[in-house]
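Residue numbers (the working numbering): 107 to 340.
Notes to accompany the following structure.
Structure follows, in structure tokens:
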């Protein structure tokens, strides 16, 4: 059968433990190669060599390195969603505690390998399938935060939907810029400042008057919900 290396879907879904271990070994090797060499120089030959498999074996699982990167990014997104409790019972009572829980989860999800995350977000392919996954992840997180804000007595905002979008976008983008950026940062101090800023916004009440010339937002920014790999990825 002629091989098709253009798609982003994994070519082979492992059904046995050995095959699953091989797939995981390829993904782990790809993560190290991308972090070390960057996306352009992180070739499938380097990935196969690092994983200890032949290039033919690698192509049995993935049609190209784009598909590998998409799966790594999907794994990152799924890890962020898995950390969120499905109901309020697993969360702190105060809105500050809830925001801290949310911020800490995003920080921890970025802490594992910030170099790899920077490659995934800034150098990865902008394929429609990938953008769709990122947009879906963003909408699910917004819906989750909106539900929490909408029924919390300490929240005093004019529009919980806009507030949820602001919280998700702010946390995801600021955490990425700080954690994946150059230099070291005091993670505890960073968490405290970000939590304090968002808590003041959510509990301070609506503005006394709307801004002049306000209207609907358009474009591809973080509030529009349109796909962008540089958007929310926690």
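For glycine and all other residues, C-beta sits at the position ideal for the given N, C-alpha and C.
Note that the structure is a prediction, hence the values are computed from the model and not measured.
Tell me whether residue 215 is buried or exposed, calling it buried when 16 or more other Cβ atoms sit within 10 Å of its Cβ. As a working note, residue 215 is residue 109 in the chain shown. It is buried - the Cβ of residue 215 has at least 16 other Cβ atoms within 10 Å.
Roughly how many angstroms lie between the CA atoms of residue 168 and residue 143, to the nearest whole one? For this step, residue 168 is matched to residue 62 along the chain shown. For this step, residue 143 is matched to residue 37 along the chain shown. Those two C-alpha atoms are separated by around 20 Å.
Got a sec? Which residues, its chain only, sit under 7 Å from residue 219 by beta carbon, not counting five neighbours each side? The residue you call residue 219 lines up with position 113 of the chain shown. Hits under 7 Å: 137 and 141.
Could you compute how far the alpha carbon of residue 310 sits from the alpha carbon of residue 263? Numbered from its first residue, the chain shown carries residue 310 at position 204. Numbered from its first residue, the chain shown carries residue 263 at position 157. Near 8 Å, if we compare the C-alpha coordinates of residue 263 and residue 310.
Is there a C-beta anywhere in chain C that falls below 8 Å from the one on residue 142? Of the protein chains in this structure there is only one, and it is not chain C.
Need the endpoints of the alpha helix (DSSP H) that residue 278 sits in, please. For the purposes of this step, residue 278 is taken as the residue at position 172 of the chain shown. Residues 266-285.
Could you give the residue range of the alpha helix (DSSP H) that holds residue 241? Stepping through the chain shown from its first residue, residue 241 is reached at position 135. 234-256 is the span of the alpha helix (DSSP H), which, as asked, contains residue 241.
Cα-Cα separation, residue 209 to residue 302: Within the chain shown, numbered from 1, the residue matching residue 209 stands at position 103. Within the chain shown, numbered from 1, the residue matching residue 302 stands at position 196. Cα to Cα, the separation comes out at about 11 Å.
Where residue 165 and residue 173 are concerned, what is the direct C-alpha to C-alpha distance, given to the nearest angstrom? Sequence index remark: in the chain shown, residue 165 carries index 59 (1-based). Sequence index remark: in the chain shown, residue 173 carries index 67 (1-based). In this structure, the alpha-carbon of residue 165 lies about 10 Å from that of residue 173.
When you compare each of 157, 217 and 198 to residue 185 by their alpha carbons, which one comes out closest? Your numbering for residue 185 matches position 79 in the chain shown. If we check each option's Cα against that of residue 185, 217 comes out closest.
Leaving aside the five residues before and after residue 252 along the sequence, list all residues of the same chain whose C-beta is less than 7 Å from its C-beta, in chain order. Position 146 of the chain shown, counted from the first residue, corresponds to residue 252. Closer than 7 Å at the Cβ level, and outside the excluded window around residue 252, lie 266, 267 and 270.
Just the C-alpha distance for residue 153 and residue 289, rounded to the nearest angstrom, thanks. Here residue 153 refers to the residue found at position 47 when the chain shown is read from its first residue. Here residue 289 refers to the residue found at position 183 when the chain shown is read from its first residue. Looking at the two C-alpha atoms, the distance is approximately 27 Å.
At what residues does the alpha helix (DSSP H) containing residue 220 begin and finish? Here residue 220 corresponds to residue number 114 of the chain shown, with the count starting at 1. From DSSP, the alpha helix (DSSP H) with residue 220 extends over 220-228.
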